[in-house]
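J.:
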Amino acid sequence: MKKTVLVSGGAGFIGSHVSVELAQAGYDVLIADNMSNCDETNYNGVCKILGYAPEFVKMDFCDSEAVDRLFAGHKIDAVIHFAAYKAVGESVAQPLMYYRNNLLSFMNVIEAARKNGGCNVLFSSSATVYGEAEDLPVTEKTGRKPSTSPYGNTKQISEDILRDCVKAYPEIKGIALRYFNPIGAHPSALIGELPRGVPNNLVPFITQTAIGKRECLSIFGKDYPTEDGTCLRDYIDVVDLAKAHVCAVTRMIEGKMKADYEIYNIGTGRPVSVLELVNSFEKVNSLKLNYKFVDRRPGDVVSIYGSPALANEELGWKAERSVEETLAAAWAWEKALAGKN
Ligand code: UDP
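Numbering (our numbering), first residue to last: 1 to 341.
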């Protein structure tokens, strides 16, 4: 019997890549999304890649009755919860919207899972919980820092909700994956990142500048205490990241967890500066990017990269793609999008 994995927010950037990898690993994927922050492009891409259409339910995870109905109507072996808002700046301007949406939806998932016999719950967390860490690379034992945005705070609170629920309810098992900076796109160029409006993140801004949608990339800060003066990040390929979810879900479903709640860093362990990333993008795609240095962006940490050792060991997962391959995929995706427009 195939096991079923519910992917909340499965039509989004990471959710769509995870849905593909899960299906290709032999899982039945149930995709649910309210489409509030995406259109049908990625879901259609998932169907094209797989050659069939995984079940899709349009629903809002803040609607507890709808979530309950979804769990009651399917035998769900694991749920991966992506459905959340993710714009840091917007969360500062609209904290209630972020707390309500991100926390309520997650509590509804856990509650419905409980009511319907229990479930394995995988939460998509973020390395943002580490803030500006003293010792790099960070490990899962590195302490969390008070969050500097409501968005980051919802990640911390959601981790705590999962930890506490796992303790109280034996029918719930949980894993939190802390992502570093997910970038890139599927090698088919059928799914990828679809930022609404002006991108906040570096790679979509780069690809949109290269294609001519944006005039010039602003590099935020050139006087940071790093080798070239720009910030260091741990850029993780989205397909590699998606595969980590398959490993984590399988570990839960096969009952191989060593504790009822586990946390894993999902990154490469390889720090890359903003300038290095820009240079690699130019080189691998044989083009010149229009960029300029501007002031630092408020709230940015100087350097953050993580040790993936625990995930390597326990999940049997390892990031495989090079930054160059990933940047080539991101560019292919941007070009594919331009072809469609
Ligand atoms: N960045 C930049 N220009 C941009 C967007 C981002 O220089 O238009 C830098 C940002 O200051 C940070 C890095 O790129 O050092 C990664 O930023 P992103 O927003 O992608 O992810 P974050 O690490 O902030 O979550």
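Where a beta carbon is used, it is the ideal one built from N, C-alpha and C, also for glycine.
1. Cβ of Ile359 within 7 Å of any heavy atom in ligand 1?
2. Below 7 Å, is the gap between the Cβ of Cys119 and the nearest heavy atom of ligand 1?
3. At which residues does the beta strand (DSSP E) containing Ser158 begin and terminate?
4. Is it the case that the region 317 to 337 contacts the region 195 to 207, given that we only count it when at least three CB pairs across the two stretches are under 8 Å?
5. Please report the distance separating the alpha-carbon of Asp260 from that of Gly174.
6. Report all residues from its chain with a CB closer than 6 Å to the CB of Val88; omit the five preceding and five following residues, and keep chain order.
7. Looking only at its chain, what residues have a beta carbon closer than 7 Å to the beta carbon of Lys155, apart from the 5 residues adjacent to it on each side?
8. Can we count Phe220 as close to ligand 1, meaning its CB is less than 7 Å from some heavy atom?
9. Can you check the region 292 to 316 for any alpha helix (DSSP H) of at least 4 residues that lies completely inside it and give the ranges in chain order?
10. Compute the Euclidean distance between the alpha carbons of Phe106 and Glu40, then round it to the nearest angstrom.
11. In whole angstroms, give me the CA-to-CA distance for Cys231 and Lys58.
12. For Asp237, I'd like the list of residues in its chain whose CB is within less than 6 Å of its CB, leaving aside the five on either flank, ordered along the chain.
13. Quick test of the definition: if touching needs 3 or more C-beta pairs under 8 Å, does the region 7 to 22 touch the region 160 to 171?
14. According to DSSP, is Asp28 part of a helix, a strand, or is it coil?
15. Taking only runs that begin and end inside the region 86 to 148, name each unbroken beta strand (DSSP E) of 3 or more residues, in chain order.
16. Who are the near neighbours of Ile110 in its chain, counting only those whose CB is closer than 6 Å to its CB and skipping five residues on each side?
17. With DSSP run on the structure shown, which of helix, strand or coil describes Lys404?
18. Pull up the CB-CB distance for Val323 and Val272, whole angstroms please, since I reckon it's below 8 Å.
19. Give me the Cα-Cα distance between Glu313 and Gly267, rounded to the nearest whole angstrom.
20. Among all the DSSP beta bridges, which residues are the ones paired with Ile49?
21. Just curious, the alpha helix (DSSP H) that Pro204 is in, first and last residue?
22. Please go through the same chain and pick out, in chain order, the residues whose beta-carbon is closer than 7 Å to the beta-carbon of Ala176, but skip the five residues on each side of it.
23. In the DSSP assignment, find the unbroken alpha helix (DSSP H) run with Arg69 in it and report its ends.
24. From what residue to what residue does the alpha helix (DSSP H) around Val79 run?
T.: Put simply:
1. This structure cannot settle anything about residue 359, because the visible part of the chain is limited to 1 through 341.
2. no
3. Element bounds for Ser158: not the beta strand (DSSP E) but the alpha helix (DSSP H), 150 to 168.
4. yes
5. 6 Å
6. Ser149, Tyr151
7. Ser125, Ser126, Thr128, Val129
8. yes
9. none
10. 23 Å
11. 39 Å
12. Gly184, Arg321, Thr326
13. no
14. strand
15. 119 to 126
16. Cys165
17. One cannot answer for residue 404 here, as it falls past the ends of the chain, which runs 1 to 341.
18. 6 Å
19. 14 Å
20. None, per the DSSP bridge assignment.
21. 202 to 211
22. Phe123, Ser125, Glu159, Leu162, Ile263
23. 64 to 73
24. Element bounds for Val79: not the alpha helix (DSSP H) but the beta strand (DSSP E), 78 to 81.
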